[in-house]
Each structure stands twice: as structure tokens, then as C-alpha cells.
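Notes follow once the structure below has been shown.
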């Protein structure tokens, strides 16, 4: 398949995409951009995107993906609450993940991978259970770190994105593969922007 054919496939995929899906994607990109800027409003757009995505997935009878998005929804609501810090005090600062956090991350990645792989392999007709399970489990861990404002959330999310891009391309979902690549780039710069914000906050705290 040459470059022209690939671009033609992407164009066809965009034309065939419903407005509901397009709005979900736009809100999803807004969520990542606002997360990069350390804005709590990122969760509003994230939640809207997730709810619209669930509606689309229900119509497509992709029930396993609905379960994953329900997890995203739960973590987004939790993240919104956590960032506000319950008492409307100062928002929680960006920090590095602790050893305890990494233990939780490892548990989410390994536990999520095993459960998802078993589900996809034995219950569904998935032809890529290993990669699909890995993409989801690392994304789960990244969302958990994002909710706690941990710098390393971008690393986990981009590990997921890095594998998701070729996986989506392999499944001939060219538009979503392209969008995931865009999110990969945004998350890459998001890591350094959060790191800069974290260092600035630390200097002010010790001033």
C-alpha cells in the first residue's frame, strides 16, 4: 500500500465517521491539551468524550471497550474530585510517583493485562488479545497517575499510545491511528511541560 492509498483510506474513514464520533475525538484532544496545561477543566472534556464514545461503542456492540471506557469515566470523576482536593483548597501539586505509587502502577499493568488477556482470548473473537490487553492495562495505569497528578502519567500513557498506533493501523483504523499519534506527540510535550511546572512550584515553595 503506497502513501496515496493510505491517505485515501484516512479520508474515507473520516467521511464515514459519525458526528458523534467526531465530537468525541475533538473533546478527547481538548482533554489532553488541557491536561498538558495542568488545567482541571480537562476532566470536563474528558468526561464528555467518554460518554459520547460509550454511546458509539454501544451501537457497535463493542461491550469490552465500553467496560474500558467506564473505567476511564470513573478515573476522570475521581481525578476531578482529587484535583479539587475536596475542600476547594489549593489544587494538588504535580509530584513524582513514589515507590508506593509504582507498586500500584505495576499491579494495575500486570493485573489488568492478565485479566484482559484472558477475557479477550477466551470470551471474545479478538485476533490481537496480547497487544489489546497491553494497550489497555498501561492506559489504566496512566489514567490513575494522571488523576493523582503524577508526572510519570505521561510515560505510561505514551507507552500505551506507542503500541496503539501500529495496532490501530494493523486493524485498518487509519484515522484513529493518526489521532493516537497526535496524542502521542501532545503527551510527549506534556511530560516536559508538567516537569517545568513542577520545578517552578518547588522553587516557589522553598522561596
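Residue numbers (the numbering used here): -12 to 194. Here a beta-carbon is modelled for each residue, glycine too, at the ideal position from N, C-alpha and C.
Of the residues 146, 145 and 166, the one whose Cα lies closest to the Cα of residue 155 is 166.
Burial state of residue 33 is buried, judged by a 10 Å Cβ sphere holding 16 or more other Cβ atoms. Note on geometry: alpha-carbon atoms of residue 107 and residue 101 lie some 10 Å from one another. One thing to note: residue 141 has its Cβ no nearer than 8 Å to the Cβ of residue 99. Here residue 125 is buried: its Cβ has 16 or more other Cβ atoms, across all protein chains shown, within 10 Å.
When the five nearest sequence neighbours on each side are left out, the beta carbons in the same chain lying within less than 8 Å of the beta carbon of residue 53 are those of 41, 44 and 45, in order along the chain.
Excluding residues up to 5 positions away in sequence, 19, 23, 141, 144, 145 and 148 lie with their Cβ nearer than 8 Å to the Cβ of residue 174 in the same chain. Residue 124: member of the alpha helix (DSSP H) spanning 116 to 134, first to last residue. Taking the CA atoms as reference points, residue 2 sits about 19 Å from residue 169.
Per DSSP, the continuous alpha helix (DSSP H) segment holding residue 11 begins and ends at 6 to 23. When secondary structure is reduced to three states using DSSP, residue 137 falls in the strand class.
Relative to residue 31, the option among 9, 60, 6 and 4 whose CA is nearest is 60.
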